[in-house]
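Participant:
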Amino acid sequence: MPVAGPAMGDAVTQMLAAKDILFHPGRQVQSIDAARRELVFTDGNREPFDFLAAVPPHRAPAVLRSSGLTSEAGWILVDKRTLKTRYENVYAIGDATTIILANGKPLPKAGTFAHAQAEVVAGQIAAAVRGELVEAEFDGAGYCWLEAGGGAAGFTSGQFYAEPNPIVPLPRAGRLWHLGKVMFERYWLGEGVTRQAMRLGMNAGAKAFGISARV
Ligand SMILES: Cc1cc2nc3c(=O)[nH]c(=O)nc-3n(C[C@H](O)[C@H](O)[C@H](O)COP(=O)(O)OP(=O)(O)OC[C@H]3O[C@@H](n4cnc5c(N)ncnc54)[C@H](O)[C@@H]3O)c2cc1C
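Each residue of the sequence shown is one higher than the one before, counting from 989 in our numbering.
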């Protein structure tokens, strides 16, 4: 996790090692030999698999790339706080955008940011329609859980707009944080009273543990 710094990378690597999960950083998959169930790396080495869950290369949809909104790198450049594109009254959020941080690395593509950015843009559009002053800005704050198995999870929340580097504390791990993850899922997937109860519970927990993130 280069953007969050080496200490975070070490912590996650240790969590993997504790579960006997092999980690092969810096190796690029060239192709997949489905018949032999093997990954083929660019250095010619092969690695067998039973079940493969692979994330294909990230790129914006063709409709965006042909729209003139994207930069040469293929992503939409936006103002880091307002999410405005270079076109008037056009905003962009989430994975299709790119925001370069103070350390020169891009803001990670994560749902936590897409969610916060959506609320900022919705607030901006609503304020513009009402002719009100726009106050909401995206502040680069985000959080995430790391499923650890055995009923435990790691949790961290960070400030990615901090300078010169993002401030992302090492994950706190345990069963309590897994409970937070379950509540978060029920908040996202739930409706009505359940959703509101999860929101209240999580925000109370965040306050109790001194976490600035709110849902
Ligand atoms: C395996 C995996 C694990 C992840 N885990 C986490 C995590 O733990 N925490 C976290 O914060 N983030 C996580 N993410 C990242 C998170 O899922 C994304 O950052 C987030 O979904 C981005 O939201 P988005 O709305 O920008 O894009 P998307 O969720 O990709 O939504 C874009 C939508 O546009 C639709 N679309 C595309 N082209 C067109 C078109 N031409 N016309 C109409 N619709 C179109 C797509 O079908 C899609 O529904 C994970 C991602 C992956 C792949």
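Quick reminder that beta carbons are idealized off the backbone N, C-alpha and C, glycines included. Since this is a predicted model, take the numbers as computed values, not measurements.
Do residue 1052 and residue 1084 have their beta-carbon atoms positioned less than 7 Å apart in this structure?
Facilitator: Cβ atoms of residue 1084 and residue 1052: closer than 7 Å.
Participant: Have a look at residue 968 and residue 1023 and give me their C-alpha separation to the nearest angstrom.
Facilitator: Here the chain covers residues 989 to 1203 and nothing more, so residue 968 does not appear.
Participant: Beta carbon of residue 1013: closer than 6 Å to some heavy atom of ligand 1?
Facilitator: For ligand 1, not one heavy atom lies less than 6 Å from the Cβ of residue 1013.
Participant: Taking 6 Å as the cut-off, is the C-beta of residue 1098 nearer than that to any heavy atom in ligand 1?
Facilitator: Answer for residue 1098: yes, Cβ within range of ligand 1.
Participant: Quick check on DSSP: helix, strand or coil for residue 990?
Facilitator: Here residue 990 sits in helix by DSSP.
Participant: Residue 1159 and residue 1142: beta carbons closer than 7 Å?
Facilitator: The answer is yes: Cβ separation under 7 Å.
Participant: To the nearest angstrom, report how far apart residue 1082 and residue 1065 are at their CA atoms.
Facilitator: Those two C-alpha atoms are separated by around 11 Å.
Participant: How is residue 1027 classed by DSSP in three states: helix, strand or coil?
Facilitator: Correct three-state label for residue 1027: strand.
Participant: For a test of the three-state rule: what should DSSP assign to residue 1147, helix, strand or coil?
Facilitator: Residue 1147: strand per DSSP, three-state reduction.
Participant: Quick check: what's the CA-CA separation for residue 1091 versus residue 1120?
Facilitator: Straight-line Cα distance between these residues: approximately 34 Å.
Participant: Check each candidate in 1029, 1167, 1071 and name the one with the smallest Cα separation from residue 1107.
Facilitator: Ranking 1029, 1167, 1071 by Cα distance to residue 1107 puts 1071 first.
Participant: For residue 1074, report the span of its beta strand (DSSP E) as first-last.
Facilitator: Run containing residue 1074: none; DSSP gives neither H nor E here.
Participant: Relative to ligand 1, is the shortest distance from any of its heavy atoms to the C-beta of residue 1154 smaller than 6 Å?
Facilitator: Every heavy atom of ligand 1 is 6 Å or more from the Cβ of residue 1154, so no.
Participant: Mind checking residue 1112: buried by the 16 CB within 10 Å criterion, or exposed?
Facilitator: Buried: at least 16 other Cβ atoms inside 10 Å.
Participant: Kindly list the residues whose CB is nearer than 7 Å to the CB of residue 1058, restricted to its own chain and excluding five residues on each side of it in sequence; keep chain order.
Facilitator: Excluding positions up to five away in sequence, the list reads 1048, 1052, 1064.
Participant: I'd like to check one pair, residue 1170 with residue 992: are the Cβ atoms closer than 7 Å?
Facilitator: No, the pair does not count as a contact, with Cβ atoms beyond the cut-off.
Participant: From the DSSP output, read off the bridge partner residues of residue 1137.
Facilitator: DSSP lists 1140 as partners of residue 1137.
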